[in-house]
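These notes concern the structure reproduced below.
Structure, rendered in structure tokens:
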């Protein structure tokens, strides 16, 4: 499946592009902006995914969300600006082990949550993810 040059509109309250249970996905040169409270691009339970050269801005959650049970995912050369939260690129397992603590902290230099990143790879069931050359 290829999505090339798409500019989703009228997505208030929905993800800009959302793909699930698909093999051989290419999402490139799409422009997603101002969609409200959801994510720009979401892939879930997909294999052989490339997300490249997209522009995502003014989204209510993550710019790109690689959510649960994806394999062989390449996220490259995307530009993501003005997403809801405060983190760049995170992976759930790394964040949990490194930063999550039982007691809340006053020091906000390190994240105490991993939700809503510019690029967010969520879950230990994701395998073979490469994130490179993105502008955040």
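In UniProt numbering, the protein residues as written are 1 to 136.
Ideal Cβ positions, reconstructed from N, Cα and C, are used throughout, including at glycine.
At a cut-off of 3 residues, the continuous stretches assigned as beta strand (DSSP E) that sit fully inside the region 1 to 69 are 2 to 4, 17 to 20, 23 to 28, 31 to 36, 41 to 44, 47 to 52, 55 to 59, 64 to 67. Bridge partners of residue 74 according to DSSP: 50, 130. Counting of Cβ neighbours within 10 angstroms places residue 78 among the buried residues, the total reaching 16 or more.
Beyond the five residues adjoining it in sequence on each side, residue 69 comes within less than 6 Å, by CB distance, of 45, 125 in the same chain, given in chain order. In this structure, residue 64 lies near residue 41, with their beta-carbon atoms less than 8 Å apart.
With distances taken between CA atoms, residue 22 lies nearest to 2 out of 2, 53, 56. Residue 81: member of the beta strand (DSSP E) spanning 79 to 83, first to last residue.
Take the alpha-carbon of residue 52 and the one of residue 74: they are about 8 Å apart.
Linking residue 136 to residue 81 through their CA atoms gives a straight-line distance of about 6 Å.
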